[in-house]
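A.B. asks: 1 is the number of the first residue of the sequence shown in the working numbering; add one for each residue after it. Can you read through this structure? Questions will come right after.
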Amino acid sequence: MRQLLGYLPQEFGVYPKVSAERLLDHIAQLKGVGNTIHRKELVSALLEQVNLFNDRKAFTFCEY
């Protein structure tokens, strides 16, 4: 059941100077995707789906 559930806080903060690709890789690791090749394919597919693949290496900056 844990693999199906997610958590989205009302105020979603991201770590400064972390790319979308690295953040998704980290989240995938936390969700138990241990195989590096599978995780990389999964992250790439997700970035393609949300049209962020070309900017996957860009750093995220959030100001509150």
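Here a beta-carbon is modelled for each residue, glycine too, at the ideal position from N, C-alpha and C. Being a predicted model, the structure only gives us computed values, none of them experimental.
1) Got a sec: is the Cβ-Cβ distance from Leu24 to anything in chain C below 8 Å?
2) Within a Cβ cutoff of 6 Å, which residues of the same chain sit near Phe53, ignoring the five residues on either side of it in sequence?
3) Excluding the 5 residues preceding and the 5 following Gly6 in the sequence, name in chain order all residues of the same chain whose CB lies nearer than 6 Å to its CB.
4) From this set, Gln49, Glu21 and Ile27, which residue's C-alpha is nearest Lys57's C-alpha?
C.D. replies: Inspection of the coordinates gives the following:
1) Absent from the structure: chain C. Only one protein chain is present.
2) For this step, residue 53 is matched to residue 53 along the sequence shown. Around Phe53: Leu47.
3) Within the sequence shown, residue 6 is the residue found at index 6, counting from 1. The answer is none, since no qualifying residue turns up.
4) Translated into the one-based positions of the sequence shown, residue 57 becomes position 57. Lys57 has its Cα closest to that of Glu21, out of Gln49, Glu21 and Ile27.
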